Amino acid sequence: MTPRRRRMVLVGLVLAGIVVSAALALRAFQLNLQYFFSPTQVAEGEVADARNFRLGGMVLEESVVREEGSLTVSFVVTDYLHSVPVEYTGVLPDLFQEGKGVVTLGRMEPSGRFVAEQVLAKHDENYMPPEVAEALEQAREREQL
Amino acid sequence: MKLPRWFHRFGSAPYVYGLAGLLSPWVGGIAVLLIAAGTYGGLVLAPADYLQGDSFRIIYIHVPSAYVSMMAYVILAVAAAIGFIWRLKLAHAVAVSIAPIGASFTFLALATGAIWGKPTWGTFWQWTDPRIMFELLLLFLYLGYMALRAAFEDRDKADRVSAILGVVGVVNVPIIHYSVIWWNSLHQGPTIARLDGPTITLDMLAPLLIMIAGFTFCFAWLLLSRLQGEIVRREYATRWLRELLAGSPG
């Protein structure tokens with residue numbers, strides 16, 4: 000084996016080793032690398048309930064209720080399979096909307112209600128001008144009729 | 000395996016130095032034109048987003064920076080591997096020249112992401128978000144590569160050792176790209192690189208593609224001039240360089 004061939008094999012082996020160990024490490028930390036848990040994961044008991052965690056999903060349409068005279072808001076986070084009611088006191092981000100993504104940090108109460116300390120909006124990968132969004136919305140409504 | 004014969008011209012420092020000097024103004028000119036056109040398109044011609052309004056326009060800096068930060072690392076890793084295997088000094092010189100440029104674009108991607116995050120997500124920074132974490136790791140890889148080199152007195156040794164770190168770190172690049180698919184993330188999924196086509200309208204996409212091309216040319220421009228500097232640093236004792244510098248005006 001020439002020195003050059005030996006170096007080539009060395010680089011190949013080191014790279015292969017790193018790929019395999021990175022893949023194993025990322026698989027092992029799969030759950031810890033999740034930024035948030037979905038309502039289904041919560042329902043299936045993947046979250047230890049005593050600690051703070053992030054709950055993420057969509058804000059259910061027509062579920063946002065604002066308490067008169069305070070900053071307290073309640074809404075339902077859903078992944079359209081399971082839902083979790085959430086309560087939050089504070090200022091919501093501008094992009095917080097019904098039917099849009101949201102990530103909340105807080106803890107589960109024994110009653111099954113999630114009390115959030117922080118609410119972040121998660122916007123999706125769709126970008127379009129308002130007219131296009133409006134036209135899509137109208138088309139969807141027409142389909143439903 | 001042998002390198003193709005034409006490739007060996009790139010092992011000649013005077014040839015590469017001259018070629019870089021020849022290409023540099025053209026590449027730089029194209030970069031300026033594309034970035035000017037993309038900026039006008041992105042800030043003036045493109046419509047505001049239906050949800051994010053005008054704050055989405057930071058996409059025209061954020062996405063090209065993030066793209067170049069990853070592309071630059073792949074080039075660094077390939078150059079480092081070629082330098083390590085074929086003992087090609089100029090390949091190491093390319094890797095060395097890329098590191099600070101790549102680090103700058105990575106920083107730009109992180110900074111513009113934070114600025115974008117505040118009005119949209121409601122937060123500048125989330126330590127546990129996988130996309131943010133792995134992009135930060137990319138910054139540390141660039142800085143680590145530079146720090147590791149600085150730890151060696153002997154340039155040949157620095158070349159060989161840092162090349163291994165450069166090659167190994169390339170594993171992080173696909174992880175950054177797939178982080179929003181493999182895990183739940185605050186960062187949204189891919190918009191352009193997806194099987195069912197981009198989920199952005201053409202009038203918003205066109206300036207973005209122009210900006211990505213512009214940033215790529217800008218990267219190439221910076222690389223060419225840094226590479227010239229690196230060659231001067233490595234070859235300052237050689238005759239060809241002294242003759243060239245003595246012959247040049249000023």
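As they're listed, the protein sequences go chains A and B.
Mapping of the first sequence onto numbering that gives the first Met the number 0: position 43 corresponds to residue 42, and the numbering continues sequentially without gaps.
Mapping of the second sequence onto numbering that gives the first Met the number 0: position 242 corresponds to residue 241, and the numbering continues sequentially without gaps.
In this text, a Cβ means the ideal position worked out from N, Cα and C, and glycines have one as well.
These numbers were taken from a predicted model, which means no experiment stands behind them.
For this session: State the start and end residues of the unbroken beta strand (DSSP E) segment that holds Phe-113 of chain A.
Result: 113-121
For this session: Can you pull the chain B residues whose beta carbon is under 7 Å from the beta carbon of Leu-119 of chain A, in chain order?
Result: Trp-120, Gly-121, Thr-122 and Leu-185
For this session: Determine the DSSP secondary structure at Met-107 of chain A, reduced to helix, strand or coil.
Result: strand
Exercise. Checking contacts by CB at 8 Å: is Gly-55 of chain A closer than that to chain B?
Worked result: Flagged as an interface residue toward chain B: Gly-55 of chain A, by a C-beta distance shorter than 8 Å.
For this session: Since I believe Gly-56 of chain A is in contact with Val-76 of chain A (beta carbons under 8 Å), could you give me their beta-carbon distance rounded to a whole number of angstroms?
Result: 4 Å
Exercise. So Leu-130 of chain B and Ser-184 of chain B are in contact, right, with Cβ under 8 Å, and what is the actual spacing, rounded?
Worked result: Note that residue 130 of chain B is Arg in the sequence shown, not Leu. Yes, Arg-130 of chain B and Ser-184 of chain B are in contact; Cβ-Cβ is about 5 Å, under 8 Å.
For this session: Provide the residue(s) that pair with Ile-199 of chain B in DSSP beta bridges, ordered along the chain.
Result: In DSSP, Ile-199 of chain B forms a bridge with A:Tyr-126.
For this session: Could you tell me which residues DSSP pairs with Glu-86 of chain A in its beta bridges?
Result: DSSP, once it has assigned bridges, lists A:Ser-73 and A:Val-114 as partnering Glu-86 of chain A.
For this session: Could you tell me which of B:Val-160, B:Leu-222, B:Trp-182 and B:Tyr-72 sits nearest to Ser-23 of chain B, measuring between CA atoms?
Result: The residue with the shortest Cα to Cα distance from Ser-23 of chain B is B:Leu-222.
For this session: Taking only beta-carbon positions, decide if Arg-112 of chain A is within less than 8 Å of chain B.
Result: no
Exercise. Of all Cβ atoms in chain A, is any one closer than 8 Å to the Cβ of Trp-182 of chain B?
Worked result: Trp-182 of chain B counts as touching chain A.
For this session: Please determine, among B:Thr-119, B:Ala-102 and B:Asp-128, the residue with the shortest C-alpha to C-alpha distance to Ile-58 of chain B.
Result: B:Thr-119
Problem set entry | Three-state secondary structure (DSSP) of Met-145 of chain B | helix
Exercise. In chain A, which residues lie less than 8 Å from Ala-47 of chain B when you measure between Cβ atoms?
Worked result: Pro-128 and Pro-129
For this session: Put Met-57 of chain A into one of helix, strand or coil per three-state DSSP.
Result: strand
Exercise. Within 10 angstroms of its Cβ, does Asp-48 of chain B collect 16 or more other Cβ (buried), or is it exposed?
Worked result: With 16 or more other Cβ atoms within 10 Å, it is buried.
For this session: Could you name the residues of chain B that Glu-124 of chain A contacts, counting a contact when the two beta carbons are closer than 7 Å?
Result: Gln-187, Gly-188, Pro-189, Thr-190 and Thr-198
For this session: If I'm right that Leu-70 of chain A touches Val-90 of chain A with Cβ under 8 Å, what's the distance once you round it to whole angstroms?
Result: 7 Å
For this session: Count the other CB atoms, across all protein chains shown, that sit within 10 Å of the CB of Gly-249 of chain B; report buried if there are 16 or more and exposed otherwise.
Result: Any reading at Gly-249 of chain B must be qualified, since the residue scores a pLDDT of 48, below 50, and its modelled position is unreliable; the value itself is stated next. Gly-249 of chain B comes out exposed.
Problem set entry | Residues bridged to Thr-102 of chain A (per DSSP) | According to the sequence displayed, residue 102 of chain A carries Val and not Thr. According to DSSP, which records beta bridges pairwise, Val-102 of chain A is partnered with A:Gly-55 and A:Leu-119.
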